[in-house]
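Chains U and S supply the protein sequences, listed in that same order. Mapping to the UniProt record's numbering: the first sequence position 260 is 260, numbers consecutive. Mapping to the UniProt record's numbering: the second sequence position 360 is 360, numbers consecutive. Virtual Cβ for every residue (Gly too), placed ideally from N, Cα, C.
There are 2 protein chains.
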Amino acid sequence: MAPRTNGIGVQVENTRICVVMVGLPARGKSFIAQKAQRYLAWLSIPAATFNVGNYRRTDAPQPPADFFDTNNQEGERKRRAAAEAAVADMLRWFKKGGVVGILDATNSTKERRKWVLDIMTQNNIEVIFVESKCDDENMIMMNIRDVKTTSPDYQGQDPETAALDFRNRIRNYEKVYKSLNEDGDEEDLTFLKIMNVGKQVIINRIRDYLQSRIVYYLMNLHIRPRSVWLSRHGESMLNLEGRIGGDAELSHRGEEYARKLPELVLESVGSDRPLTVWTSTLKRTIATARHLPKHYNQLQWKALDELDAGVCDGMTYQEIADLHPDDFQARDEDKYNYRYRGGESYRDVVIRLEPIIMELERSEDILIISHQAVIRCIYAYFMQKTQEESPWVPVPLHTLIKLTPRAYGTEVQTYKANIQAVSTWRGKGSTAKHEDPSPEKSLFQTH
Amino acid sequence: MAPRTNGIGVQVENTRICVVMVGLPARGKSFIAQKAQRYLAWLSIPAATFNVGNYRRTDAPQPPADFFDTNNQEGERKRRAAAEAAVADMLRWFKKGGVVGILDATNSTKERRKWVLDIMTQNNIEVIFVESKCDDENMIMMNIRDVKTTSPDYQGQDPETAALDFRNRIRNYEKVYKSLNEDGDEEDLTFLKIMNVGKQVIINRIRDYLQSRIVYYLMNLHIRPRSVWLSRHGESMLNLEGRIGGDAELSHRGEEYARKLPELVLESVGSDRPLTVWTSTLKRTIATARHLPKHYNQLQWKALDELDAGVCDGMTYQEIADLHPDDFQARDEDKYNYRYRGGESYRDVVIRLEPIIMELERSEDILIISHQAVIRCIYAYFMQKTQEESPWVPVPLHTLIKLTPRAYGTEVQTYKANIQAVSTWRGKGSTAKHEDPSPEKSLFQTH
Chain U
1 MAPRTNGIGV QVENTRICVV MVGLPARGKS FIAQKAQRYL AWLSIPAATF NVGNYRRTDA
61 PQPPADFFDT NNQEGERKRR AAAEAAVADM LRWFKKGGVV GILDATNSTK ERRKWVLDIM
121 TQNNIEVIFV ESKCDDENMI MMNIRDVKTT SPDYQGQDPE TAALDFRNRI RNYEKVYKSL
181 NEDGDEEDLT FLKIMNVGKQ VIINRIRDYL QSRIVYYLMN LHIRPRSVWL SRHGESMLNL
241 EGRIGGDAEL SHRGEEYARK LPELVLESVG SDRPLTVWTS TLKRTIATAR HLPKHYNQLQ
301 WKALDELDAG VCDGMTYQEI ADLHPDDFQA RDEDKYNYRY RGGESYRDVV IRLEPIIMEL
361 ERSEDILIIS HQAVIRCIYA YFMQKTQEES PWVPVPLHTL IKLTPRAYGT EVQTYKANIQ
421 AVSTWRGKGS TAKHEDPSPE KSLFQTH
Chain S
1 MAPRTNGIGV QVENTRICVV MVGLPARGKS FIAQKAQRYL AWLSIPAATF NVGNYRRTDA
61 PQPPADFFDT NNQEGERKRR AAAEAAVADM LRWFKKGGVV GILDATNSTK ERRKWVLDIM
121 TQNNIEVIFV ESKCDDENMI MMNIRDVKTT SPDYQGQDPE TAALDFRNRI RNYEKVYKSL
181 NEDGDEEDLT FLKIMNVGKQ VIINRIRDYL QSRIVYYLMN LHIRPRSVWL SRHGESMLNL
241 EGRIGGDAEL SHRGEEYARK LPELVLESVG SDRPLTVWTS TLKRTIATAR HLPKHYNQLQ
301 WKALDELDAG VCDGMTYQEI ADLHPDDFQA RDEDKYNYRY RGGESYRDVV IRLEPIIMEL
361 ERSEDILIIS HQAVIRCIYA YFMQKTQEES PWVPVPLHTL IKLTPRAYGT EVQTYKANIQ
421 AVSTWRGKGS TAKHEDPSPE KSLFQTH
């Protein structure tokens, strides 16, 4: 069968890419690597990060700064061995079906980059170098603070000593560091150079679609602090009847939630932060956003409309089980991939949400008022939920969720409106109209 | 009402952008400007190009090379006046609702760029500079050849004399030309610098979503010669009955077309050119591609599926007129914007085709086997059809269409399989099962 695509990851079948990070320590390389991996995995593109530091630590758990001096032969040998082990693991992973492998290390010399390029080229793997270059002292300081508190290299050490040592380590790297194509002799490489977190970006010899997607994603990242708020619409008339899809009005209690929402938002966002509100194009999300402060910009996205249930639109689960028993079962068996006849699968929804994610990455504070399946998919992006988990995540009605991206993960807070609503969560195999999710599946934990 | 978006042109309501082209003559600036305008217009973003040369020609129709020498005061004055007239017109156009205005001129000095930036900033219009820099002699020669044969500046002149004069004109520009941020003092500008048609790209201080869309589109352009072939699936069982949508098998005559297609393709493409085939995920396009040579790569896109007719899926036009008379009429009145209940509008289809267009721009030769509405939308992109025209373009069954992008427009050729098929074209107000388009609407002309 011909490979399928929905617009992302075209011809992934034939493409394997090694993303080689480049840059001095404390330039956000691991942050970029982790974001890229999460984005690709969310799009069903097998991606993995190979952090050379982790390999080095098995041999040298907490080395002093001069371990990273190129004149330190013992240090050089161990660091070289760590890089070789990481690359060997990555090649094994590619053989097992990996598509985008990310080599997270400084790769700060031309020799090291040529070494990686040669190995990958011999294995028919494309190489794209991604350099994070930063001369903004504030940004570097922020990263150093982060490293000294989170890196296993400094665990248990005095923070001030750690910071000093880390600065010395950076100095040792600076001695040999060459920025990509600094001497003009790396112009044949495929690379992306990100200066000061996106202020300027240089893109060189990008060759295919998947490379261009990765580059476009990375050039849209920023690290200014912000949050994303998610809410489902208020309870709808069809929710009351346990029917899916449709374009119903809010129930009484749904209206109550819409009136209460400004208060919840104010409590969570604060009164002086500007907020942009995105809704779907369906009545129930627009009505839910109706009472929010007038100075918030509002925008309707068709991409935020609920998963299209096709021929099952407007039915109860019982009716689906009665009228389309095979479909009902097929969906339970592989809910992520099951596409309603004439409608959509969770996989389809993820693909149409891709521009939303891209725009979220570019934006500051955003409140999204949308639907159960759509919010599950957005939640899965931020929380790295697998395809098996994401279609079953409970997203209760009348609840505001706040997601705050941090250096290595996303923080969750929830705000309950304390307005009763039916549950629209459904367990595997169940045809119940309203069923409560088992408590261990609840969202109400900080991840 | 909150502004709506489908993922492109977010917050267009609040954004106005002046794209200022920068570069020596014969660097493809007008090509880039024209592509960007066509792309944006296709996405319903009001865009227009203001070519300073056209303004200058009213005053100085066929000036010699030394008109462009900065020491020529008369020339300087007239060129300045032309720029002022173009900018004044652009500002008037912005006041009437323009969103992206493109200033097509060399803008090759820092002073000129600062002048444009100041005027636009005073009018709350964002400025993005787009420079095409090229030192590939072959590419420049190609452009010079192009200019001397197509530019009104040299109409009726001996081609060799024209080429010589044009080279001297370029030399006069080179004397004062400064590449963007060449001296490091334009680093606060928002700009995109394209070197040698995309080999390297520098992106500086891109600020919002629309800017980033324009940049992403422009960085994906190439100028290698290629064609795009379009075909509808062979006649389907539902076509025979005059029913829309569905997922039917091919009719006997449709099968015949599928068997004939390889021959048509071979005739048009040639036997030694590699071709990639894209189909939708529906049976009738996959079956139509079945007999194509095995060495062609094939890819299925959900984005190429037929316009979703929602509640009207599988109906005849007569049934739609009987069961949903209001919808039937509303669709005829504004076919581009009418969205079937639970389904899609042409506008929706254009938005989901955007990644297809992006990938087409990146690609070499592609054959697309898809559906009537989808092919109308792709055709509209290449042929600059308006929203009023595109939903009515006749795209007959059993016909292969070849589109070849040229410097200023797209060439069309059609190949008929000479296998009978019903017509699925429908005139405004008609509920006929099968109706032939009026001859003047036919595709069979080279545009």
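In this chain, S:E435 is not harboured by any alpha helix (DSSP H), its DSSP state being neither H nor E. Buried is the label assigned to S:D308, since at least 16 other Cβ atoms lie within 10 Å of its Cβ. In the displayed model, U:C134 falls within coil according to three-state DSSP, outside both helix and strand.
According to the DSSP assignment, S:C18 belongs to the beta strand (DSSP E) that extends over I17 to V22. Assigned with DSSP and collapsed to three states, U:Y415 falls in strand. Contact between S:R290 and S:A258 holds, since their C-beta atoms are separated by about 6 angstroms, short of 8 angstroms. A straight line joining the alpha-carbon of S:S30 with that of S:D104 spans about 6 angstroms. In the DSSP secondary-structure assignment, S:D104 is bridged to S:N51. S:P405: member of the beta strand (DSSP E) spanning T399 to R406, first to last residue.
The DSSP-derived three-state label of S:N204 is strand. Taking 8 angstroms as the cut-off, the Cβ atoms of U:G23 and U:K133 count as close. Pairing S:E388 with S:D348, the inter-Cα distance amounts to about 15 angstroms.
CA-CA distance, U:M237 to U:G427, rounds to 22 angstroms.
The beta strand (DSSP E) runs lying completely inside the region 326–399 of chain S and spanning 3 residues or more are 366–370, given in chain order. In the three-state reduction of the DSSP assignment, U:Q122 falls in the helix class. Look at the beta carbons and you see the region 297–312 of chain S touching the region 368–380 of chain S: at least three pairs across the two are nearer than 8 angstroms. Counting only runs of 4 or more residues that sit fully inside the region 158–191 of chain S, the alpha helix (DSSP H) segments are 159–176, in chain order. Secondary structure of U:Q298 (DSSP, three-state): strand. Under the three-state reduction of DSSP output, S:T285 falls in the helix class. Per DSSP, reduced to three states, the secondary structure at S:G409 is strand.
The C-beta of U:N138 comes no closer than 8 angstroms to any C-beta of chain S. Between U:E186 and U:D334, the alpha-carbon positions lie close to 47 angstroms from each other. Listed in chain order, the positions of the region 358–388 of chain U with a beta carbon within less than 7 angstroms of a beta carbon of chain S are E359 and R362. Interface with chain S (8 angstroms Cβ-Cβ cutoff): U:K402 is excluded. S:L230 has S:I368 and S:I401 as its beta-bridge partners, per DSSP. For S:V277, the enclosing beta strand (DSSP E) stretches over residues T276 to T279. Taking U:L360 as the centre and dropping the five residues before and after it, the same chain places the C-beta of V228 and I366 closer than 7 angstroms to its C-beta, in chain order. For U:T386, the number of other beta carbons within 10 angstroms of its own is below 16, and it is reported as exposed. In this structure, DSSP gives U:R243 an extended state, which the three-state scheme calls strand. Between U:Y217 and U:M358 the beta-carbon gap is near 7 angstroms, inside 8 angstroms, which marks them as a contact.
Closer than 8 angstroms to the CB of U:Y209 there is at least one CB belonging to chain S. The straight-line gap separating the alpha-carbon atoms of U:G254 and U:K260 is approximately 10 angstroms. Judged by beta-carbon spacing, U:V20 lies beyond the 8 angstroms limit of U:V99, meaning their Cβ atoms are not closer than that value. The shortest C-alpha to C-alpha distance from S:A417 to any of S:G314, S:N297 and S:E256 is the one to S:E256. U:L240 is a Cβ neighbour of U:V422, given a cutoff of 8 angstroms. One alpha carbon belongs to S:P152, the other to S:P61, and they sit about 8 angstroms apart.
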